[in-house]
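For what it's worth, this note's numbering labels the leading residue of the sequence shown as 112, then goes sequentially. No residue lacks a Cβ here, since even glycine has one placed at the ideal position from N, Cα and C. For clarity, every value in this text was computed on a predicted model and none was experimentally measured.
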Amino acid sequence: IKNLKIKAGEYLGITGPSGSGKSTLINLITGLLNPNNGKILVDKREIVGDLIGDWQSAISYVPQLPFIADDTITNNIAYGLNEDKIDFQKVKEAAKIAQISEFVENKLPQKYETIVGEDGIRLSGGQRQRLSIARAIYTNKDLLILDESTSSLDVMTEKQIIESLIKSKLNKTVIFVTHRVNSLRNCDKILLLNNGKIDAYGKYNDLENN
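#1: Just to confirm before moving on: does the CB-CB distance between tyrosine 249 and lysine 314 stay below 9 Å?
#2: May I have a chain-ordered list of the alpha helix (DSSP H) segments no shorter than 4 residues that lie completely inside the region 178-209?
#3: Give me the Cβ distance between glycine 307 and serine 263, rounded to the nearest whole Å; I'm assuming they're in contact under 8 Å.
#4: Excluding the 5 residues preceding and the 5 following proline 146 in the sequence, name in chain order all residues of the same chain whose CB lies nearer than 7 Å to its CB.
#5: List the whole-angstrom C-beta distance separating threonine 183 from isoleucine 226, where the pair is believed to meet the contact cut-off of C-beta under 8 Å.
#6: In terms of alpha-carbon separation, which member of Ala119, Lys118 and Ser134 lies closest to isoleucine 125?
#7: Please confirm whether tyrosine 223 and phenylalanine 199 have their CB atoms less than 9 Å apart.
#8: Can you grab the Cα-Cα spacing for the pair asparagine 114 / leucine 123, in whole Å?
#9: Going along the chain, which residues of its own chain have a beta-carbon closer than 7 Å to the beta-carbon of serine 294, five neighbours each way excluded?
#10: Give the DSSP-derived three-state secondary structure of glycine 237 in the structure shown.
#11: Using CA coordinates, which residue listed in Gly228, Ser168 and Leu281 is at the minimum distance from alanine 119?
#12: Of the residues Thr284, Thr141, Ile309 and His290, which one's Cα is nearest the Cα of aspartate 299?
#13: Helix or strand or just coil, what does DSSP make of threonine 279?
#14: By DSSP, does threonine 135 sit in helix, in strand, or in coil?
#15: Could you tell me if arginine 156 is buried or exposed, where buried requires 16 or more neighbouring beta carbons within 10 angstroms of its beta carbon?
#16: Assign valine 159 to one of two classes, buried (16 or more other C-beta atoms within 10 Å of its C-beta) or exposed (fewer than that).
#17: Do you know whose CA, among Gly132, Ala205, Asn187 and Ile244, lies nearest serine 260's CA?
#18: Is lysine 203 buried or exposed, if buried means 16 or more other CB atoms sit within 10 Å of its CB?
#19: Less than 9 Å separating the beta-carbons of leucine 254 and isoleucine 170?
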C-alpha cells in the first residue's frame, strides 16, 4: 500500500524483524523525522512547522527503556503532578490496565507509596515497563504509542496488557510496536514491515491466512 491511514480510536499493531523500519515509521508518525517523499497528515493538516509541537503534545510515547524516578509508585504514574492534584482512583485504574496493580497491591507492603529507587532499581525490567505504561495511560493523551515497551515481559503478560488496553475502551488511538505478531491478534489492524516497506496490512486472521 502507498498510503497508510490510521483512524482515530483504532488499535494498530506494527511488527517486523529488527531493521525492518519500525522505529523509523514511529519517528515519522511522531514528527521526529521528516519524510523524504509524501506527507504526514493529522485531520487533513500536514504536520510541519508549528504544528509539529502541537501534535507531539497530544502523544504519550512509551519507550523500551523507560525513565523511572526515585519516588513512589503513585508519583511515577502521575509523574510531574503535585500530590494534591493526583487522582488516586485514576492511578489505580491505570495500574490495573497496565497489569501491575496486582503486584503493587499484593506484593508491596507500602503498596502505591513504595519508593522504587533510582531508575526503579527495586523493580524488575518488566515491572518498570508496566509502570511506564500506567503513566502513559494516566496522562490520557489522544495517541498512545508503545514502542517495544513490553519487550521485557513474557508473551502471556504482553498479550494481557494489549487485551486489557483494548477492553478498557480508553477512547484513544493506540499503536503497539512489537516483534511478537501473535500478541497483536486483537488489534483492529496489523502492519507488517520488512526492509523499510509494508509487507502486509490487515487483520490478524487475514495475515495468518496469507
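Taking the coordinates as given:
#1: no
#2: 184-188 and 199-208
#3: Between glycine 307 and serine 263, the beta carbon gap of about 26 Å keeps them out of contact (Cβ cut-off 8 Å).
#4: Leu139
#5: 6 Å
#6: Ranking Ala119, Lys118 and Ser134 by CA distance to the CA of isoleucine 125 puts Ser134 first.
#7: yes
#8: 15 Å
#9: Val266, Glu269, Lys270 and Ile273
#10: helix
#11: Leu281
#12: Thr284
#13: A quick correction: the sequence has serine, not threonine, at residue 279. Of the three classes helix, strand and coil, the one that applies to serine 279 here is coil, per DSSP.
#14: helix
#15: Exposed, since its Cβ has fewer than 16 Cβ neighbours within 10 Å.
#16: An exposed status is given to valine 159, since fewer than 16 other beta-carbon atoms sit within 10 Å of its beta-carbon.
#17: For serine 260, the closest C-alpha among the options Gly132, Ala205, Asn187 and Ile244 is that of Ile244.
#18: Using a 10 angstroms sphere on the CB of lysine 203, the tally of other CB atoms reaches 16 or more, which defines it as buried.
#19: It is a contact, given that the beta carbons lie within the stated cut-off.
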